[in-house]
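One structure below.
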Amino acid sequence: MRLHGKVAIITGATGGIGEATAKLFLKEGAKVMLVARSLEKLQSTLQRLPADADLAHHVADAADEAANAAAIAAAIEAFGGVDIMIANAGTEGSIKPLEALTMADFEEVLRTNVLGVWLSMKHCVAPMKLRGGGSIVALSSVAGMIGFPGMMSYVASKHAVFGMVKTAALELAVSNIRVNAIGPGPIANRMMGSLEAQMSPDDPQGQHEILKGLVPMGRYGTNEEVANLALFLASDESSYCTGGIHMIDGGFIAS
Ligand SMILES: NC(=O)c1ccc[n+]([C@@H]2O[C@H](COP(=O)([O-])OP(=O)(O)OC[C@H]3O[C@@H](n4cnc5c(N)ncnc54)[C@H](OP(=O)(O)O)[C@@H]3O)[C@@H](O)[C@H]2O)c1
6 MRLHGKVAII TGATGGIGEA TAKLFLKEGA KVMLVARSLE KLQSTLQRLP
56 ADADLAHHVA DAADEAANAA AIAAAIEAFG GVDIMIANAG TEGSIKPLEA
106 LTMADFEEVL RTNVLGVWLS MKHCVAPMKL RGGGSIVALS SVAGMIGFPG
156 MMSYVASKHA VFGMVKTAAL ELAVSNIRVN AIGPGPIANR MMGSLEAQMS
206 PDDPQGQHEI LKGLVPMGRY GTNEEVANLA LFLASDESSY CTGGIHMIDG
256 GFIAS
């Protein structure tokens, strides 16, 4: 029970990594607030989680400040406070050469992946201070470390997440709030399926094999492997970790 008595908020809870993280956190004794933009998807996610768990849910678009603040208030109302924020909601956007990207393409990715992470941080600081500290974990990517052709908005957004995490860690260390980033490589779930299909509409499976071949470990990661790292960073086991970028990429960035 590595999160016994802790209250965790997970954004993007209807996605692959979000759901796996919720499942693991519940197993480790946390009370969990699932946040996502689709009530229908939240209800379907809830059906796959234990019926007797300490669970609540709230609908919020990542870039909607009032909805984010309301989600955090709802967690406090349901569970008495906030100890852990997993800022996980994210979108891959459209794969296009930079000269073909529209303002709408770029803005959608920045609003979700950058403003969304900042808003998650912003509204959990005061409640975490009331608890004497906390842990914020934001999802970046290998695309936060290096460039990928055709992915300018996503790459920009994930570099920004690393910058925000470093800044938040410096501002919040004095309040005993730790802030860390996770940098996954390709993970076997919907998002990578979308990227494969966008990169190679006629042969997504072939694209999958190409991308797999770029990973030194020769495979995609799993949602559960990312959830395990989120658990470590959320728990007191990582009590001296803050401002860090924690890659989980099968060696992708090392190569
Ligand atoms: N999969 C990978 O290979 C990979 C690699 C590196 C980093 N990551 C990062 O890991 C995080 C989780 O992604 P995932 O792999 O679990 O992909 P996913 O299955 O597509 O999940 C993404 C989640 O974010 C939500 N979301 C998207 N746009 C949103 C918005 N505007 N407002 C609120 N929620 C929104 C999605 O909700 P809907 O279902 O309603 O769209 C979903 O719950 C993301 O930040 C992603 O960039 C993933």
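When you line the sequence shown up against the working numbering, it's residues 6 to 260, in that order. We treat Cβ as the ideally placed atom computed from N, Cα and C, and that holds for glycine. Only a predicted model underlies this, so the values are computations on that prediction, with no experimental measurement involved.
Taking 9 Å as the cut-off, decide whether the C-beta atoms of residue i and residue j are in contact.
| i | j | result |
| --- | --- | --- |
| I89 | F167 | no |
| E201 | Q212 | yes |
| H63 | A75 | yes |
| A18 | A35 | no |
| I182 | G139 | yes |
| V231 | I22 | yes |
| N118 | G95 | yes |
| A65 | V114 | no |
Let me confirm a value: residue i is counted as buried when at least 16 other C-beta atoms fall within 10 Å, else exposed. Which label applies?
| i | result |
| --- | --- |
| E176 | exposed |
| A56 | exposed |
| Y159 | buried |
| V122 | buried |
| G85 | exposed |
| G218 | exposed |
| A43 | Reading off the sequence, residue 43 comes out as Ser, not Ala. It is exposed - the Cβ of S43 has fewer than 16 other Cβ atoms within 10 Å. |
By DSSP's criteria, residue i is part of a beta bridge. Which residues make up the other side?
| i | result |
| --- | --- |
| V184 | I141 |
| P189 | I253 |
| G226 | I192 |
For residue i, is the beta carbon positioned less than 8 Å from some heavy atom of ligand 2?
| i | result |
| --- | --- |
| I22 | Annotation note on ligand 2: not contained in the displayed structure, which lists ligand 1 as its ligands. |
To which residues of the same chain is residue i closer than 7 Å at the C-beta, ignoring the five residues directly before and after it?
| i | result |
| --- | --- |
| M156 | I100, A148 |
| E97 | Y159, M196, S199, L200 |
| T50 | A18, T19, E24, L39 |
DSSP three-state call for residue i: helix, strand or coil?
| i | result |
| --- | --- |
| L60 | strand |
| M90 | strand |
| V40 | strand |
| A13 | strand |
| F153 | coil |
| C246 | coil |
| S49 | helix |
| V220 | coil |
Might you give, ordered along the chain, the residues of its own chain that have their beta carbon closer than 6 Å to the beta carbon of residue i, omitting 5 neighbours on each side?
| i | result |
| --- | --- |
| R116 | A68 |
| V170 | A143, V184, A186 |
| M252 | G188, I258 |
| P120 | The sequence shown places Leu at residue 120, not Pro. The answer, listed in chain order, is A68. |
| K163 | S145, S146, A148, G149 |
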